[in-house]
Every structure is written in C-alpha cells, then in structure tokens.
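Input: a single structure, listed below in structure tokens.
2 protein chains.
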Amino acid sequence: MPCFDHNATTPLAPAARAAWLLASDGAWANPSSPSRAAARVKLQLDAARARLAEFLGTAPARLVFNSGATEGANAVFAHWAHTLSPGATLALNPTEHPCVLAAARAHFGDRIVWLAPDGDGMVRPGPLADLLARHGAAAVAVMAANNETGVLQPWREIADLCRRAGTPLLCDATQWFGKLPAAGLHEADWVLGSAHKFGGPKGVGFLQAAPQADGFHGQLGGAQENGHRAGTENFPGIAAMLAALEEAETSKVLFETERLAWRDGFARAVAAAVPGTTVVAAGAERLWNTVSLLLPHGENHRWVARLDRRDFQVSTGSACATGKAGSSHVLAALGLDPAAARRVVRVSACWETTAADWTALAAAFGAVAPEVQPADNVAEI
Amino acid sequence: MPCFDHNATTPLAPAARAAWLLASDGAWANPSSPSRAAARVKLQLDAARARLAEFLGTAPARLVFNSGATEGANAVFAHWAHTLSPGATLALNPTEHPCVLAAARAHFGDRIVWLAPDGDGMVRPGPLADLLARHGAAAVAVMAANNETGVLQPWREIADLCRRAGTPLLCDATQWFGKLPAAGLHEADWVLGSAHKFGGPKGVGFLQAAPQADGFHGQLGGAQENGHRAGTENFPGIAAMLAALEEAETSKVLFETERLAWRDGFARAVAAAVPGTTVVAAGAERLWNTVSLLLPHGENHRWVARLDRRDFQVSTGSACATGKAGSSHVLAALGLDPAAARRVVRVSACWETTAADWTALAAAFGAVAPEVQPADNVAEI
Chain A
1 MPCFDHNATT PLAPAARAAW LLASDGAWAN PSSPSRAAAR VKLQLDAARA
51 RLAEFLGTAP ARLVFNSGAT EGANAVFAHW AHTLSPGATL ALNPTEHPCV
101 LAAARAHFGD RIVWLAPDGD GMVRPGPLAD LLARHGAAAV AVMAANNETG
151 VLQPWREIAD LCRRAGTPLL CDATQWFGKL PAAGLHEADW VLGSAHKFGG
201 PKGVGFLQAA PQADGFHGQL GGAQENGHRA GTENFPGIAA MLAALEEAET
251 SKVLFETERL AWRDGFARAV AAAVPGTTVV AAGAERLWNT VSLLLPHGEN
301 HRWVARLDRR DFQVSTGSAC ATGKAGSSHV LAALGLDPAA ARRVVRVSAC
351 WETTAADWTA LAAAFGAVAP EVQPADNVAE I
Chain B
1 MPCFDHNATT PLAPAARAAW LLASDGAWAN PSSPSRAAAR VKLQLDAARA
51 RLAEFLGTAP ARLVFNSGAT EGANAVFAHW AHTLSPGATL ALNPTEHPCV
101 LAAARAHFGD RIVWLAPDGD GMVRPGPLAD LLARHGAAAV AVMAANNETG
151 VLQPWREIAD LCRRAGTPLL CDATQWFGKL PAAGLHEADW VLGSAHKFGG
201 PKGVGFLQAA PQADGFHGQL GGAQENGHRA GTENFPGIAA MLAALEEAET
251 SKVLFETERL AWRDGFARAV AAAVPGTTVV AAGAERLWNT VSLLLPHGEN
301 HRWVARLDRR DFQVSTGSAC ATGKAGSSHV LAALGLDPAA ARRVVRVSAC
351 WETTAADWTA LAAAFGAVAP EVQPADNVAE I
C-alpha cells in the first residue's frame, strides 16, 4: 500500500541501488591510497562532484560530500561561530528544520534575530531586506522548502538580496532536492542536502560551501574533500546519491504540474469526506508532494494510527521531532495554537505515488473519521 | 591479485552486502516515523545496538552510531573542550591517527602533553601513570592499534590506570575492530570504530561514550541516538556494519596465531630477497595483518608504483596522510629520520589473504628491487 511519509525518508531508488552495488563491488578502494585502483575511484569521485555541481550550477570545489544535512548544518554554524565577528547576530527563519535551529542556538544563543514569516510561514524578501538594513545580521538562514508544510520559500529573491547586502545565506534545501530542479541553488552561499530524501542511501549528503570558505572544515583529520571534511570518502554512497539525483533531475523534477493537481484534488477530497478539514499554509506555494492537513477533530496520533492499520503511512509532523508531538515549532510560527497543532497530519507523497493512491488515501481519511471522534477520553489517545 | 592495503579500507564483506540490501529493501522507513513499519526498523536498530554492546561488553545506551571514527574523534574533543575545566590539559599519544591529533590540536592547542612512547611506539603504562600523577591531565588518548605500524598499545592496562586516576580515556580502536576481539573495550571510556575497516560499508561507524556522558552530542537537531547524535539513522549501513563485525567476531578474530606466523615469514622472506630490509617496531606486539617495512634503498613511492604494476597494492603509509608523503608523524615518533621514513612501505593484509599471497608479495619485493635502485635521479620518483 502507498506510503505517504516520504518527507521522513524515501526507499532506495533502483538506480541508486545499482550504483551502490557497482561501486561497492568495483570501486571500494580508498581514494587516498597510492594505487591505480584508488586513483580510478578518485576520478569517479571527482566526476560525481562535477555532476552534482552541474545540477546546482556551482563550482565542483564548493561541494563537500558528508553524512547528510544535519552534519552540514552543524558544520556551517560552527564555522560561522569561528569566523564571524564576535557578537555577530544571525537572522533566522523560525520554521527551519530542528538541526538548523539547534545548531544555531548552540553557537549563537540569544544573538539570533527571528524573522517574522507571514501567516503561511513564508519569509518575505521585503521585510528581510529591511531587517538586514536595520540590524545588519552577519548571516541568514532560510530553507528552500519546509519539511512539515511543504511551503516554498522565495530563496532566489532571498539569495539575491543577501548577496547584495554582503550577508551569507544558508539555504537548507533538503526537501527541495529531487522534488524540484536544483538549478540556481548556487546563488545561496551555503546549501544543505541529504540523499535519503530523494531516493539515495541514508548516511550520505552534501554541503555547498560559500565561494570563499577558506578554513571551513566539517571534520578535522585527513585532507579529504579539499580539506573541508576529513574521513574516508563514502564513494558507494556518493555514487548512489548521484544516481538518484540524476534520475530525479532528468526525468522527474520538471513534471510537477500534474502532481500539484493531484495534491489539491486530494485536499478537496479529504475536506469533502471530513468536513471542516483545511490545509495548513494553503495560500503559499508548496511542494507538489506535501499536504499538511488540519483536521476538525481527533488528535493526529489517532489519525496516524488508524490510517496505519489500513496500511497508509502518514505522519504527525517531522520525524526528527518525534517524541515532542504537538509541539511543532513550524505550526506555532504559523500561528496555530497547540490544540490545533495536535490535529495536524502531514501527508507526503513520492514520484511513484499515483492519482489513484491519492484518491485512496482521501477515502481512507473519510473511512477512519468515525473512529477518530472528538476525544471524550484523552486516555484513549 | 591480492590487495595489501587493507588498513586503508576493506572490500564489502558478502554478509555486509546482503544485510545492507535486506535493510535497504525492507527496512528503509525512518525509525522516528510514527508507523508500524518504522517501529519495526526501530526495533532492529535497537537489536543492532544491543549486539554491538555485547561484542564490546558495554551497555547499549553508551553506543552512538555515526559516520565513522573521524566524526567520533572530532565529537569527543569538542565535548571535552566544552566540559573539562578551563585550562585543562590532555595527555596524547603522538602516534594517534590524524583525526585524533587534528581534533585535539583544534580544541586544546598547546594544552597537550605529549606521551613519550618507546622506540617501537608503545605507550608504557608506568610512565603514563607517573605523568598523570605529575601533570594531572584531564583526559588521555591512546589508540588500540596503530594504522601505520600495527603496533598494539597496552590499552587494557592504560584503561585500568586511567580509571583508577579518574581520568577519561579515548581509545581509537578503528584498526583493532574486526582484527582482534572487541571484548573488554568497555574498559575505555570513549572508543572509536569505522565499519569500512572491517568489511562494513563506508560512511558508517560508532562511538562508545563514557558511562557518564550527559550533554554529549556529536550533531545537534533531532533526538536520535539517545540525544547523542542527531540525523536520520543509517539503518542499512548499521545493519551491514554489524553483519561484518558479527562475522569477524565469531569466525575470525580468534584465529590470529597462524597469521602472525605468515606475517613474520613474509618479513623474513622480504629481508632475504632484499637484504637490509627491516621491520618497523619489530619488537612490539603488532596486528597480524600489518608489516611496516623499512627498505634499504628506494623511495617508498617507487616501491608502491612498481608493485602496483604487478597488481600488488601496498601503501606508503596512512591513506589519510596522502599528499604529505614522507612526513609520517608515526615514524617520526619512533625516531626514524625523514630519509628513512621515505623508505617505509606499509603492507596490510585481510582475513582472506592466504599464505601463498604473502609468499607471492615477498617474491614481488625481490623482483622489483632491481627496478628501485638507490635514486641517483630524484626527478625519476
């Protein structure tokens, strides 16, 4: 049955699986070893970096392969803490992923100026420009697409105004890659990505570093990744990540239009089946795969569990925030009160999701609605 | 033809390959998601942690899955920098891996007291105890087995004396795991391991944290790994790592005796074929798979290249130090002058290496010796 929890992670794409096996079997040498076999792996690693650079429109030397976006976020804020002037403040979008928020807080504490997104969670370029002019933040972090609501930030405009202000921008594009074209992301100084969000393996990702990133190092030790990240390169993982991204970029990301219609048809169908249901951030441009539903009754865990029994996997929100259910910082930033936030269910499809899958899920929401009546007895949750 | 550069990395073990595919195909859900499929992955992840804990003799809660030993080393020194008292000094073995040395230097700079290993590179417990008594170092780092020479440190005795002194010990066991039994490593507070050194995949490893490691976090963000390391867990990589370690622990690490004889027979055969060849740290207990040969003539790059043409892969030293050839800090700590260090070739076998492979490599050293005459023309290197 169809899974609708793909913003949490994706299954391994067949092309990625094949690339991983090919590399594991034939290109397992350590690229830093002095043998010809190792030199061949090094060449393949360089080719993967060049290909990734093409997708982003960036220079290969700016790309650092790592273990994923969480590592990347931690490394960027640590770098800023070391290189920005003492007392420097950051301008931060409050709907960022927990890894960005936690790393920012650890290094900058109360030196964070929170951006005020609109009611849909969008950071408007105008107010950001004003804020930069008034506060002179030393760096900005605004994501490309939100993992809970799917809201797309106007990152092109934000990158442009940050560049003109001379302020470095971190753009967490983890939920963007593989769903929409990567082209243009070179305009942000720092960019984060994780392979497992777009059909690549878990435990591998990348960071685009700023054009001037001397002294940037995510991990110290050997001189791998142009000195930016020590540790034996995970070439099989990198090759698999590139295979997944290659497939997405060449045959998927250009075809969102039909899927936007499916997404919106799904939302209308749920609203018809469960009257009173609304879509969070309905007024914003959002990912074609993501719908954040505000249901009229029932705690989200009960919806998730009832749907799961029917083999539909949906989510209460970010997997990284599990255990803190109901406390979504994203929904709070959009002005939802905690009681409403606990009625929000995240639905996130993949490219293989069909129109029929969306229809079936909407019908399932209707079918389980009677089982998820307003809770007279909270102990039942 | 046999590869003798396995301290740089190993090919993926068939059991690890199978485990990775099984997990990638059937257990790809995000363990933090709220579905039953995700809960099953979480259970498997817990089981893998429990199994790893059995091998080390430690508590599962002390184990943190991560991207490898370089990440682990960086995280431990960052943690110490945050939690040890200001001005605290570290006692450090100078033959540690570059990731340990670089992370220590970045966080502690000149607050490092260098241990004085003996002529074979061994840290003697007695002098270390004296040093701790005199200097009162706040933490100690001594590895289990050296990546260049194979020298085994007396880590059990060192762990014991550190515990009695109340001083935390970091033991980088990256080259130990899979070659010798992991049992007992719980006696060190902090332990590092990397899967790709023992037949597991690249990009995955683990850290044993100290029994009291509140506040330790390698990466900030979600609450994964008991709050010690944020980021979606790489369960396929972890499952593959455990499969490789399981195989090593149950059918390999107890059978070193015969291989020690092969190793020493190889060294004698090279010395016979290339008179004047000696073994670095010959007097120390060393890994059964590693021989660091000091050749009587010829730069090590020339030996490596000539042997590579005959399809024998050996190394000039640590892959992590490539590009800095001839500047081995390990050999310098053993008292080798730079000219001698440039004549050192590292040979590192794997469990699949046969006695015939060792014999063939020794013969190859003899065969290429005339091609690697004393360099009249250094430009030929």
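If you read the sequences in order, they're chains A and B.
Note that the first sequence covers residues 1 to 381 in the numbering used here.
Note that the second sequence covers residues 1 to 381 in the numbering used here.
Every residue, glycine too, gets a C-beta built ideally from N, C-alpha and C.
Within the same chain, show all residues whose beta-carbon is closer than 6 Å to that of residue i, passing over the 5 residues directly before and after it, in chain order.
i                : result
Val345 (chain A) : Leu293, Asn300, Trp303, Val314
Trp262 (chain B) : Ala355, Trp358
Ala271 (chain B) : Thr277
Phe365 (chain A) : Val270, Ala273, Val274
Ala415 (chain B) : Lying before the first or after the last residue shown, residue 415 (chain B) is absent from chain B, which here runs from 1 to 381.
Glu380 (chain B) : Because the pLDDT of Glu380 (chain B) is 41, which lies under 50, any placement of that residue in the model is unreliable, and the number read from its coordinates should be weighed accordingly. Around Glu380 (chain B): no qualifying Cβ.
Thr9 (chain B)   : His196
Val378 (chain B) : Below a pLDDT of 50, predicted positions are generally treated as unreliable, and Val378 (chain B), at 46, falls in that range; the measurement from the model is reported next regardless. For Val378 (chain B), where only same-chain residues beyond five positions count, there are no Cβ hits under 6 Å.
Val142 (chain A) : Asn93, Val123, Gln153, Ile158
Can you give me the start and stop residues for the beta strand (DSSP E) that residue i sits inside?
i                : result
Gly205 (chain B) : 205 to 208
Ala91 (chain B)  : 90 to 92
Thr290 (chain A) : 290 to 294
Ala193 (chain B) : What sits at residue 193 (chain B) in the sequence shown is Gly, not Ala. 190 to 194 is the span of the beta strand (DSSP E), which, as asked, contains Gly193 (chain B).
Phe65 (chain B)  : 63 to 66
Trp124 (chain A) : The residue you asked about is not Trp; residue 124 (chain A) is Arg in the sequence shown. From DSSP, Arg124 (chain A) is part of no beta strand (DSSP E); its letter is neither H nor E.
Val330 (chain A) : Counting along the chain, Val330 (chain A) falls outside any beta strand (DSSP E), though it belongs to the alpha helix (DSSP H) covering 329 to 333.
Trp114 (chain B) : 112 to 114
Asp118 (chain A) : Element bounds for Asp118 (chain A): n/a, residue is neither H nor E.
Leu169 (chain B) : 169 to 172
Give every residue of the same chain whose Cβ lies closer than 8 Å to the Cβ of residue i, excluding the five residues on either side of it in the sequence, and list them in chain order.
i                : result
Asp376 (chain B) : Reliability fails at Asp376 (chain B), whose pLDDT of 49 lies under 50, so the model's placement of it is uncertain and the value that follows must be treated cautiously. So the list is empty, once near-sequence residues are dropped.
Ala133 (chain A) : Ala165
What is the residue span of the alpha helix (DSSP H) that residue i lies within?
i                : result
Ala48 (chain A)  : 36 to 56
Trp80 (chain A)  : 69 to 83
Phe365 (chain B) : 355 to 368
Asp160 (chain A) : 155 to 165
Gly237 (chain A) : 235 to 251
Val304 (chain A) : 300 to 309
Trp20 (chain A)  : 14 to 26
Arg346 (chain A) : Arg346 (chain A) -> not in any alpha helix (DSSP H); beta strand (DSSP E) instead, spanning 344 to 348.
Val100 (chain A) : 98 to 108
For my contact list, residue i and residue j are in at a C-beta cut-off of 8 Å; report their separation, rounded to the angstrom.
i                : j                : result
Gly222 (chain B) : Pro98 (chain A)  : 6 Å
Lys197 (chain A) : Phe235 (chain B) : Rounded, the Cβ-Cβ distance is 15 Å, inconsistent with contact.
Arg51 (chain A)  : Leu242 (chain A) : 6 Å
Gly218 (chain B) : Ala333 (chain B) : Contact flag wrong, Cβ pair sits at about 28 Å.
Gly199 (chain B) : Ala349 (chain B) : Going by Cβ atoms, the distance from Gly199 (chain B) to Ala349 (chain B) rounds to 13 Å, so no, they are not a contact pair.
Val107 (chain B) : Ala78 (chain B)  : It should be pointed out that residue 107 (chain B) corresponds to His in this sequence rather than to Val. Indeed, because the Cβ distance is near 6 Å, the residues count as touching under 8 Å.
Arg238 (chain A) : Leu45 (chain A)  : Checking the sequence shown, residue 238 (chain A) turns out to be Ile, not Arg. Correct: roughly 7 Å between the Cβ atoms.
Trp176 (chain B) : Ala145 (chain B) : 5 Å
Arg286 (chain B) : Thr95 (chain B)  : Contact doesn't hold; Cβ gap of about 13 Å is too wide.
Asn289 (chain B) : Arg309 (chain B) : About 23 Å; that fails the 8 Å criterion.
Ile112 (chain A) : Leu90 (chain A)  : 5 Å
Within a Cβ cutoff of 7 Å, which residues of the same chain sit near residue i, ignoring the five residues on either side of it in sequence?
i                : result
Ala73 (chain B)  : Cys99, Val100, Ala103, Asp172, Leu192
Ala209 (chain B) : Arg62, Val64, Trp190, Phe216, His228
Cys3 (chain B)   : Gln313
Asp5 (chain B)   : Gln313, Val314, Ser315, Ser348
Phe206 (chain A) : Leu52, Leu63, Val64, Phe65, Asn66, Gly193
Could you confirm whether any beta carbon from chain E is found closer than 8 Å to the beta carbon of residue i?
i                : result
Thr290 (chain B) : In the displayed structure, chain E is absent; the protein chains listed are A and B.
Is the region 92 to 105 of chain A in contact with the region 100 to 119 of chain B, if contact means three or more CB pairs nearer than 8 Å?
-> Touching, no.
Chain-ordered residues of the region 220 to 241 of chain A with a beta carbon less than 9 Å from chain B | Sequence-ordered contacts of the region 220 to 241 of chain A with chain B read Leu220, Gly221, Gly222, Ala223, Gln224, Arg229, Ala230, Gly231, Thr232, Glu233, Asn234, Phe235, Pro236, Gly237, Ile238 [C-beta pairs closer than 9 Å].
Members of the region 293 to 313 of chain B near chain A, C-beta cut-off 8 Å = Those would be His301, Val304, Ala305, Asp308, Gln313, in chain order.
When Cβ atoms are compared, which residues of the region 53 to 68 of chain A fall closer than 7 Å to chain B?
-> Listed by position along the chain: Ser67, Gly68.
Check distances from the C-beta atoms of the region 4 to 25 of chain A to those of chain B and list, in chain order, the residues that come in under 7 Å.
-> Considering only beta carbons, the part of the region 4 to 25 of chain A lying closer than 7 Å to chain B consists of Asp5, Ala8, Thr9, Pro11, Leu12, Arg17, Ser24, in chain order.
At a cut of 8 Å, does the region 112 to 125 of chain A reach the region 281 to 288 of chain A through at least three beta carbon pairs?
-> Yes, they touch.
Looking at C-beta atoms only, is the number of pairs between the region 42 to 59 of chain A and the region 179 to 195 of chain A that lie closer than 8 Å three or more?
-> Because the criterion of three Cβ pairs below 8 Å is met, the region 42 to 59 of chain A and the region 179 to 195 of chain A touch.
Taking Cβ-Cβ distances below 8 Å as the criterion, which residues of the region 182 to 201 of chain A are in contact with chain B?
-> If you check each beta-carbon in the region 182 to 201 of chain A against every beta-carbon of chain B, the ones closer than 8 Å belong to Ser194, His196, Pro201.
Between the region 203 to 220 of chain B and chain A, which residues of the former have a C-beta closer than 8 Å to a C-beta of the latter?
-> Residues passing the 8 Å Cβ filter: Gly203, Val204, Gln219, Leu220.
Chain B contacts from the region 106 to 131 of chain A (Cβ-Cβ distance under 8 Å) | For the region 106 to 131 of chain A, which is checked against every Cβ of chain B, the residues closer than 8 Å are Ala106.
Chain-ordered residues of the region 81 to 103 of chain B with a beta carbon less than 9 Å from chain A = Cβ proximity to chain A below 9 Å picks out His97, Pro98, Cys99, Val100, Leu101, Ala102, Ala103 from the region 81 to 103 of chain B.
If you measure beta-carbon to beta-carbon, which residues of the region 36 to 54 of chain B are closer than 7 Å to chain A?
-> Listed by position, the residues of the region 36 to 54 of chain B near chain A (Cβ gap below 7 Å) are Arg36, Ala37.
Using Cβ-Cβ distances below 7 Å, what residues of the region 135 to 160 of chain B are close to chain A?
-> Of all residues in the region 135 to 160 of chain B, none has a Cβ within less than 7 Å of some Cβ in chain A.
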